[in-house]
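*Asks:* Attaching a single structure in structure tokens format; questions to follow.
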Amino acid sequence: MTAPDRLAEMTTREAADAVARGTVVLIPAGALEQHGPGMVLGTDLVRAEGVVARVAANLAGRVVVGPSIPVGVSPHHMAFPGTVTLTTTTFAAVVREYVTSLHRHGWTRFLVVTGHGGNNATLTAVAQDLLVSHPGIQLAWSPLTSLAGDAVAALDPSPVHGHSGEAETAQMLHLAPHLVHTDRLEPGTTTHDELDDVSRTARHHAQPTLTLPYDRLSANGVLGDPRRATAEDGAAIVKAIVARITAFLEEWPAA
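Here the working numbering is used: the first residue of the sequence shown is 884, the next is one more, and so on.
What follows is the structure, encoded as structure tokens:
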């Protein structure tokens, strides 16, 4: 894999050259939150950085990897030790200040790749606000796993799955197997019958959205059965995600 162009490893002259080429800045965003007994707190950032590195390798010279955002919006995981959360206001300010700082040097296109779904709503709000405050900025954002619905479906995941479950564990087994404690992987909530009435309603309907704390959804913070994941499954998911983000960037005009 070609080494990506990372802003932190550039000199200021090289940064100016990257601006002149019309590069897109890729910003990996994650979270520092529980991922069950078998995966590390930084799982979401590890996945985001892994995908961004692969996208950047596909588009060498056309994108720059900007600074990561390691902590996200995770109040729903705060019942589990080690979790750190930002408020939506703080997370929005970090994204906005990253982007507007780089915009002052001439960059206009930014893509935040987030491994944590709890960041999604705030990213949408920041993008909307920038349309008014900085109309010269184009801010896009992308999730990970939902881009690869076909590859996830091929896993035949549990009726209830998601956080720290089959798909997320598979990605980590592919991207960073040394950070997965396979001997500690255990199922969490896997069926709707295990949920209370409110939680069952929240999980059964994609829309309207009802946000609940994860300790109400699962005693160990896991949705699904991570023991069923394999590195091969993860490779298929990551390949699909990278291909779809790369295709978007290839179509995104500089003007």
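Glycine included, each C-beta is placed from N, C-alpha and C at the ideal position.
#1: Assuming V1035 and T1074 are in contact, meaning their beta carbons sit under 8 angstroms apart, how far apart are those beta carbons, in whole angstroms?
#2: Label Q917 either buried or exposed according to how many other C-beta atoms from any shown protein chain fall within 10 Å of its C-beta, with 16 as the threshold for buried.
#3: In whole angstroms, give me the CA-to-CA distance for L1058 and T1028.
#4: Less than 8 angstroms between the C-beta atoms of D847 and F974, yes or no?
#5: What residue range is occupied by the uninterrupted alpha helix (DSSP H) comprising L994?
#6: Expressed to the nearest angstrom, what Euclidean distance is found between the alpha-carbon atoms of P953 and V982?
#7: So P862 and E1049 are in contact, right, with Cβ under 8 angstroms, and what is the actual spacing, rounded?
#8: Determine whether the beta carbon atoms of V996 and L1006 lie at a separation below 8 angstroms.
#9: Whole angstroms is fine: what's the gap from R930's alpha carbon to Q1054's?
#10: Thinking C-alpha only, which one of W990, E1133, A891 and A936 is nearest H1017?
#11: Taking the beta carbon of R979 as the centre, do at least 16 other beta carbons fall within 10 Å, making it buried, or is it exposed?
#12: Would DSSP call I1124 helix, strand or coil?
#13: Is the CB-CB distance between V907 and L1132 below 8 angstroms?
#14: Just to confirm before moving on: does the CB-CB distance between V946 and A936 stay below 8 angstroms?
#15: T1129: which of L1078, P1040, S1025 and R987 sits nearest, CA to CA?
#16: Under 8 angstroms between the Cβ atoms of E1077 and T926?
#17: For the alpha helix (DSSP H) containing Q1011, name the first residue and the last one.
*Replies:* On the basis of the supplied data:
#1: The sequence position of residue 1035 within the sequence shown is 152, counting from 1. The sequence position of residue 1074 within the sequence shown is 191, counting from 1. About 18 angstroms separates the beta carbon of V1035 from that of T1074, a gap too long to meet the 8 angstroms contact definition.
#2: Indexing the sequence shown from 1 puts residue 917 at position 34. Buried is the call here.
#3: Your numbering for residue 1058 matches position 175 in the sequence shown. Your numbering for residue 1028 matches position 145 in the sequence shown. If you take the alpha carbons of L1058 and T1028, they lie about 14 angstroms apart.
#4: A question about residue 847 goes unanswered here, because the residues of the chain that appear run from 884 up to 1138.
#5: As a position in the sequence shown, residue 994 is number 111, starting the count at 1. Looking at the DSSP string, L994 is not in any alpha helix (DSSP H); the run it does join, the beta strand (DSSP E), is R992 to T997.
#6: As a first step, residue 953 must be located in the sequence shown, where it is residue number 70. As a first step, residue 982 must be located in the sequence shown, where it is residue number 99. Take the alpha-carbon of P953 and the one of V982: they are about 16 angstroms apart.
#7: Because the chain here runs from 884 to 1138, residue 862 falls outside it and cannot be looked at.
#8: Taking the sequence shown and counting its residues from 1, one reaches residue 996 at position 113. Taking the sequence shown and counting its residues from 1, one reaches residue 1006 at position 123. It is not a contact, given that the beta carbons lie outside the stated cut-off.
#9: Indexing the sequence shown from 1 puts residue 930 at position 47. Indexing the sequence shown from 1 puts residue 1054 at position 171. When rounded, the distance between both Cα atoms is 7 angstroms.
#10: For the purposes of this step, residue 1017 is identified with residue 134 of the sequence shown, where counting begins at 1. With distances taken between Cα atoms, H1017 lies closest to W990.
#11: Here the question's residue 979 lines up with position 96 in the sequence shown. A buried status is given to R979, since no fewer than 16 other beta-carbon atoms sit within 10 Å of its beta-carbon.
#12: Here residue 1124 refers to the residue found at position 241 of the sequence shown. Residue state for I1124 is assigned as helix, using DSSP reduced to three classes.
#13: Residue mapping note: residue 907 aligns to position 24 of the sequence shown, counting from 1. Residue mapping note: residue 1132 aligns to position 249 of the sequence shown, counting from 1. Yes, the pair counts as a contact, with Cβ atoms nearer than the cut-off.
#14: Working through the sequence shown from its first residue, we reach residue 946 at position 63. Working through the sequence shown from its first residue, we reach residue 936 at position 53. Cβ atoms of V946 and A936: not closer than 8 angstroms.
#15: Residue numbering aside, residue 1129 sits at position 246 when the sequence shown is read from its first letter. Cα-wise, what sits closest to T1129 is S1025.
#16: The residue you call residue 1077 lines up with position 194 of the sequence shown. The residue you call residue 926 lines up with position 43 of the sequence shown. No, these two residues do not count as a Cβ contact at 8 angstroms.
#17: Taking the first residue of the sequence shown as 1, we reach residue 1011 at position 128. Unbroken alpha helix (DSSP H) run through Q1011: N1003 to S1016.
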